[in-house]
Structures are given as C-alpha cells and as structure tokens.
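Per the working numbering, the sequence shown starts with residue 537, numbered consecutively.
For each residue, glycine too, the CB sits at the ideal point set by N, CA and C.
Please read all numbers here as calculations on a predicted model, not as lab measurements.
Okay, structure first, notes after.
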Amino acid sequence: MSWLSTFRRALICSLALVPASLAVADDLPGTGVTIQPARATWTNEWFGTEIYIKALQDLGYDVKRPVTLEAPAFYQAVGQGDVGFWVNGWFPLHDTYRTAFEGKADVVGYMVKGGALQGYMIDKKTADAHKITSLEDFKKPEIAALFATGGDGKASLVACPPGWGCELVIDNHLDTYGLRHAITPMKASYEASMADALGRYKSGTPVFFYAATPSWAVGVMKPGVDVVWLDVPFPSLP
C-alpha cells in the first residue's frame, strides 16, 4: 500500500520495566529514582507517553512532567542524560540520530510492531474522479494542478518539518522519482498544516499530505473512506 512499513519503538534509558503485579510494595524498583520523560511535538504520540508514565509511577518511580521536544533535540538530550526516555522513536526512520545516543541509551521494545505505516495520501473523491493511484500520476500537469495552492501549478504537499526523519525520505523521493517540477513540499508546523488540510478537505477541496499511522489525521480522515494511500514507482530510501 504505502512505501514503508516500519516499527515504532520506545526509547528507554537505563530503565527495567516489569509488570506492576510482580512488584512488592516495600521493594518497588523505582523507589527513590526520579525520571524526566520527553514527548514529541506531534501530539498523537502524547497518549502513549502517559501510559508509560503511569506504568513507571506504579513501579515507584518519581516521574516529572514531560518536556516536549523535536526529534533531533530529544536524541541529543537523552544522549547527554538530560532526559530519561520517550516512546516516540521511529526506527529505522530515526537511525540517522543514533550517533547522538549510542552507548548512552538503548532502543527497547515496540509500541506498534509491523502495524505502523508512513506514506502519501490524497482525498478519495479526487483519487476516484481522476484515477490517481501513484505519485507517478503527479507528473501529469493536470493532476498536479488539482492540488496546487501556490499559483504555480505545482501540487502542494503537506510534508515533514525540517529535522524530521521523513523530511529526508520525501526529499529523496522527489529527486529519485523526478517530481521536483510537479510537487512543492510544505515544511511548516505539521500539526498546523494538517489542521489546515482537514479544513480544506471538509470544504471539498483536494488534499495531498504525508501521513503516519497511527495518528489523529488518519483517525479523522479514514483510509479507504475519506482518503487513500498512493503507491510509489519503486522503493527508494535515502
């Protein structure tokens, strides 16, 4: 369906998680230990963070209020020991950050194993009307123009902000598939850009965006009902 099926993992620094039911009240593993968690700027990840915070609190840890960080800042912070963990690691997408934390923090376990996707989506109404199934279709000027918002005839893609792993993937795809002339990646705040895309979708305007699952975006605009995944001509990663 989309170009990548990936694993989203929790990144934990020096923590041993055991079921709370196995912990003895007078001998909780976290007693006397304070942890500073972090969470990503993409808000659909915040709920998972709260689950881990509750689990650690049940094990006796004193967990501080999470700080909100972009991916590059988090990996640097956990490597320096300024934060203890987050559950927003996307691997192998975030492999580019490994040099910042290797030897100082570990990637541990999974939140979504084999069930997380990333890729390109458009609204189903436009896809069906114009028989759009692949990024390759955007090489046709009339298709790109359907999603143009800048007045230049190029399709406006809600893309990933600077510093995100998927920014590199999108840039690689635009070059590899020869789509620079047809697509303009919009790299503003992802949350704000997606909120704008949702508004345009509700008004009946075609929308074109890069998405990850699970996320609020595909919870509101449901794949196969409201939006559809696009194929790519062939697999290519940076």
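Work out the CA separation of residue j and residue i for me, nearest whole Å.
i, j, result
"T662", "P774", "30 Å"
"A559", "P565", "Residue confidence for A559 is low, a pLDDT of 47 falling below 50, so the modelled location carries little weight; the figure read from the coordinates is stated next. Rounded to whole angstroms, A559 to P565 spans 7 Å at the Cα level."
"V743", "M757", "11 Å"
"T673", "Y713", "Sequence check: residue 673 is Asp here, not Thr. Distance between the alpha carbons of D673 and Y713 is about 11 Å."
"T585", "A652", "17 Å"
"K690", "P608", "30 Å"
"M722", "G568", "46 Å"
"I719", "V754", "22 Å"
"R716", "P769", "15 Å"
"A641", "P750", "25 Å"
"T685", "P771", "28 Å"
"L693", "K738", "17 Å"
"C696", "D563", "45 Å"
"P677", "G740", "21 Å"
"P555", "G596", "For P555, the predicted model reports a pLDDT of 45, less than 50, meaning its position is unreliable and no value from the coordinates is stated."
"N580", "F610", "17 Å"
"A576", "P759", "24 Å"
"S541", "G650", "At S541 the pLDDT is 35, less than 50, meaning the model places this residue with poor confidence and gives no usable figure here."
"G625", "W582", "13 Å"
"V644", "N708", "29 Å"
"F627", "Y646", "10 Å"
Just checking my contact of residue i with residue j at CB under 8 Å: how many whole Å lie between their CB atoms?
i, j, result
"L766", "G655", "7 Å"
"I571", "G620", "4 Å"
"I658", "V764", "6 Å"
"L629", "C702", "6 Å"
"L704", "T635", "Actually they do not touch by this definition, with Cβ atoms about 15 Å apart."
"W578", "Y746", "About 12 Å; that fails the 8 Å criterion."
With which residues is residue i paired in a DSSP beta bridge?
i, result
"S725", "Per DSSP, none; premise fails for S725."
"Y656", "Y746"
"T604", "R575"
"S692", "T720"
"T632", "According to DSSP, which records beta bridges pairwise, T632 is partnered with nothing at all."
"T585", "T585 pairs with nothing; no bridge assigned."
"T570", "D598"
"D767", "S670"
"P759", "V763"
Whose C-beta lies closer than 7 Å to the C-beta of residue i among residues of the same chain, with five residues either side of it excluded?
i, result
"L679", "First, the residue type needs correcting, since residue 679 is Ile and not Leu in the sequence shown. Cβ within range, chain order: H666, I668, D673."
"A599", "Correcting the residue type first, residue 599 is Val in the shown sequence and not Ala. These residues qualify, in order along the chain: I571, P573, I589, L592, Q593."
"S557", "Caution is warranted here: a pLDDT of 48 is assigned to S557, below 50, making its placement in the model unreliable, and no coordinate value can be reported."
"A681", "G689"
"Q612", "A636"
For residue i, which residues of its own chain have a beta-carbon under 6 Å away from its beta-carbon, when the five flanking residues on both sides are left out?
i, result
"A748", "Q654"
"V603", "A574"
"W517", "For residue 517 there is no data in the structure shown, the boundaries of the chain being 537 and 774."
Using a Cβ-Cβ cutoff of less than 8 Å, which residues in the same chain neighbour residue i once the five nearest sequence positions on both sides are dropped?
i, result
"G699", "E606, A607, P608"
"K675", "G714, L715, A718"
Quick one: complete alpha helix (DSSP H) runs, 4+ long, within the segment 654-688?
-> 660-666, 677-682
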